[in-house]
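Numbering (the numbering used here), first residue to last: 1 to 81.
Note that the Cβ used here is the ideal one computed from N, Cα and C, for glycine as well.
What you are looking at is a predicted structure, and each value in this text was computed from that prediction instead of being measured.
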C-alpha cells in the first residue's frame, strides 16, 4: 500500500470515528453512529495490517485475539439499555 493511500485510509477512518461520536450522542442516531465506528475501525485495522511498518504479523494476531477475548467478556457483562 502506498504512503498516500495509507494516509487517506487513516483520514477516512478518523472522519468516521468523529461521525460515530456525533451519532452516539442521540438515541435516534446511535445505530448509524455504531456503524460509522465499525467501518472506521475496519478501515484502520486493514490500513495498519497492510502498512509497510508491520514486521511481525504474529504479534499483531496475538494482540487482536487478546482484544477480541477481552471485548467479548466485557460485552457479555454490560447490559444493553
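What are the start and end residues of the alpha helix (DSSP H) that includes residue i?
i	result
residue 3	3-23
Within its chain, find whatever has a CB closer than 7 Å to the CB of residue i; leave out the 5 residues flanking it on each side and keep chain order.
i	result
residue 44	10, 13
Between the Cα of residue i and the Cα atoms of the options, which residue gives the shortest distance?
i	options	result
residue 63	49, 76, 79	49
residue 37	51, 7, 22	22
residue 80	2, 27, 8, 4	27
residue 2	42, 65, 53	53
Can you find the residues in the same chain that come closer than 6 Å, C-beta to C-beta, to residue i, ignoring five residues on each side of it along the sequence?
i	result
residue 76	none
residue 51	6
Spatial neighbours of residue i within its chain, please: CB distance less than 8 Å, with the 5 preceding and 5 following residues excluded, ordered by chain position.
i	result
residue 74	none
Subject >> Secondary structure, alpha helix (DSSP H): runs of 4+ residues fully inside the region 50-74 >> reply: none
**OP:** Evaluate contact between the region 4-24 and the region 54-65, counting only Cβ atoms and requiring at least three cross-stretch pairs below 8 Å.
**Re:** no
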